[in-house]
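Data block below; observations after.
Chains as they are written, first to last, in my numbering: chain L, 5 to 125; chain W, 5 to 125.
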């Protein structure tokens with residue numbers, strides 16, 4: 005599963021690194037404990053709205069810009085996930101078609117819809 | 005202060021309303037308690053990454069799309085806040101200039117930079 009707080013942490017850490025600032029500096033300016041910021045950056049803690057606002061102010065980055073970056077990365081990962089799902093479903097379909105008896109003329113083969121759980125033969 | 009969770013709640017509620025779905029329906033599908041979803045929609049509770057993912061899946065909206073909408077609204081509010089701040093600073097500057105003695109020729113009036121706290125006379 006794509007975890008939002010991981011992407012958010014990545015974006016925040018990149019902004020800090022690009023500015024050449026340490027966790028300690030940002031922690032002092034945002035008045036947020038160093039350990040908490042570190043956990044947020046590593047995607048281990050959810051950041052509250054107030055915390056995010058304070059961090060973005062300390063980094064001098066609009067929160068809207070950070071969210072947009074997160075949204076862009078998420079869209080990429082969603083697209084990748086969608087492709088993985090489609091490939092898995094197509095493999096399932098092939099397996100299920102191979103396992104089914106050949107339909108007699110006039111009969112219709114059991115349709116497998118995307119998302120159906122089909123046991124491999 | 006602009007509160008992120010309020011904007012997020014607004015966007016989520018609008019998606020649900022546009023689909024003509026009740027809190028109960030979405031709650032059942034997302035397997036999240038009705039009260040919790042209601043608090044998230046009203047901006048009273050922070051939603052965890054997992055909760056947001058479950059809600060977006062129940063609403064059949066990509067989380068990236070929801071975040072983008074939130075980012076767009078936030079950018080508008082940030083711009084509005086920026087204008088309010090600029091107007092307040094300009095008023096402060098006028099007050100401080102009026103309160104200062106007229107500089108003698110060759111002297112420089114005390115410069116007031118944006119962000120300086122200037123007491124009204």
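Where is the CB? At the ideal position from N, CA and C, for every residue including glycine. Quick caveat, the model's predicted, so the values are computed rather than measured.
| Query | Result |
| --- | --- |
| For the alpha helix (DSSP H) that residue 22 (chain L) lies in, which residues bound it at each end? | 8-22 |
| Taking 7 Å as the CB-CB cut-off, is residue 72 (chain W) touching chain L? | yes |
| May I ask which residues mark the beginning and end of the alpha helix (DSSP H) holding residue 52 (chain W)? | Run containing residue 52 (chain W): none; DSSP gives neither H nor E here. |
| Going along chain L, which residues have a C-beta under 7 Å from residue 9 (chain W)? | 53 |
| Leaving out five residues on either side along the sequence, give the residues of the same chain with a beta carbon under 6 Å from the beta carbon of residue 49 (chain W). | 43 |
| Tell me which same chain residues have a C-beta within less than 7 Å of the C-beta of residue 20 (chain L), skipping the five on either side of it? | 30, 63 |
| Applying a beta-carbon distance threshold of less than 8 Å, which residues of chain W neighbour residue 82 (chain L)? | 66, 67, 68 |
| Using a Cβ-Cβ cutoff of less than 6 Å, which residues in the same chain neighbour residue 5 (chain L) once the five nearest sequence positions on both sides are dropped? | none |
| In its own chain, which residues sit with a C-beta less than 8 Å from the C-beta of residue 37 (chain L), not counting the 5 before and 5 after it? | 31 |
| Could you spell out where the alpha helix (DSSP H) holding residue 28 (chain L) opens and where it closes? | 27-34 |
| Rounded to whole angstroms, what is the Cα-Cα separation between residue 13 (chain L) and residue 98 (chain W)? | 42 Å |
| Quick one: does residue 78 (chain L) have its CB under 7 Å from some CB of chain W? | yes |
| In this structure, how does DSSP classify residue 37 (chain W) when only helix, strand and coil are distinguished? | coil |
| How should residue 83 (chain W) be labelled, buried or exposed, when 16 other C-beta atoms within 10 angstroms of its C-beta is the threshold for buried? | exposed |
| In chain W, which residues lie with their C-beta within 7 Å of the C-beta of residue 38 (chain L)? | In chain order: nothing, as chain W lies at least about 22 Å away. |
| Comparing alpha-carbon positions, which option in L:47, L:77, L:58, L:94 lies nearest residue 8 (chain W)? | L:58 |
| Measuring only the C-alpha atoms, how far is residue 1 (chain W) from residue 92 (chain L)? | Here chain W comprises residues numbered 5 to 125, so residue 1 (chain W) is not present and cannot be evaluated. |
| With a Cβ-Cβ cutoff of 7 Å, do residue 53 (chain W) and residue 72 (chain L) count as a contact? | no |
| Please report the straight-line C-alpha distance between residue 22 (chain W) and residue 96 (chain W), rounded to a whole angstrom. | 45 Å |
| Classify residue 45 (chain W) as buried or exposed, calling it buried when 16 or more other Cβ atoms lie within 10 Å of its own Cβ. | buried |
| Which residues in chain L have a C-beta closer than 7 Å to the C-beta of residue 26 (chain W)? List them in chain order. | Those within 7 Å of residue 26 (chain W) in chain L number zero; the least Cβ separation is about 25 Å. |
| Given this structure, state the Cα-to-Cα distance separating residue 24 (chain W) from residue 18 (chain W), to the nearest angstrom. | 10 Å |
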